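Remarks on the structure that follows.
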Amino acid sequence: MPRSDLIACAGVPDNAATLPDGEVLQWRQDQQVQGPFTIKGPLSLELDLSGHGTCHFVARLRQGRVAQVEYTGPSGTMLGPYSACRPLVLACERQARLALKNDMTNGAHGPQRAVGCYGLPHSQV
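Numbering-wise, my numbering comes out as the position in the sequence shown, counting from 1, plus 204.
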């Protein structure tokens with residue numbers, strides 16, 4: 205995925221570092237994401253059975269394209285270990301699929317394979 209597509213789907217990064225072989229971009233969503241199961245009762249009694257997580261999404265770029273993606277921080281909720289980052293990953297995966305479809309339709313780069321959110325082919329995700 206090119207840098208411009210990454211910024212289009214993830215937004216402007218919170219931090220950036222230039223390296224000799226490329227750059228690292230970081231997005232921080234520090235407001236806690238709650239899982240889906242909270243029970244509220246009378247007298248302000250609340251039972252929360254979900255995890256709370258934040259998302260720190262780090263992308264390494266080489267030659268202007270995403271080469272590596274990592275997730276840091278307490279990103280786990282009741283839905284899984286990286287579920288706090290799910291909206292960001294889905295937005296970028298959607299962007300990558302559209303770009304791939306356009307490239308294949310226009311014949312810009314010849315046949316390519318679709319890659320999932322963890323850098324694996326969709327059949328392995």
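Note that CB positions come from ideal geometry on N, CA and C, so glycine has one too.
If you're wondering where the values come from, they're calculated on a predicted model, not measured in any experiment.
Item: I'd like the span of the beta strand (DSSP E) that includes V293, first residue to last.; Value: Element bounds for V293: not the beta strand (DSSP E) but the alpha helix (DSSP H), 290-310.
Item: What separation, rounded to the nearest whole angstrom, lies between the Cα atoms of G215 and R207?; Value: 11 Å
Item: Within the continuous beta strand (DSSP E) that includes L223, where are the two ends?; Value: 219-223
Item: For T276, which option in A288, A221, Q267, V270 has the closest C-alpha, if you only look at C-alpha atoms?; Value: A288
Item: Beta carbon of V270, beta carbon of L210: below 7 Å?; Value: yes
Item: Among the residues of its own chain, which have a CB less than 8 Å from the CB of R266, if the five just before and after it don't count?; Value: D225, G226
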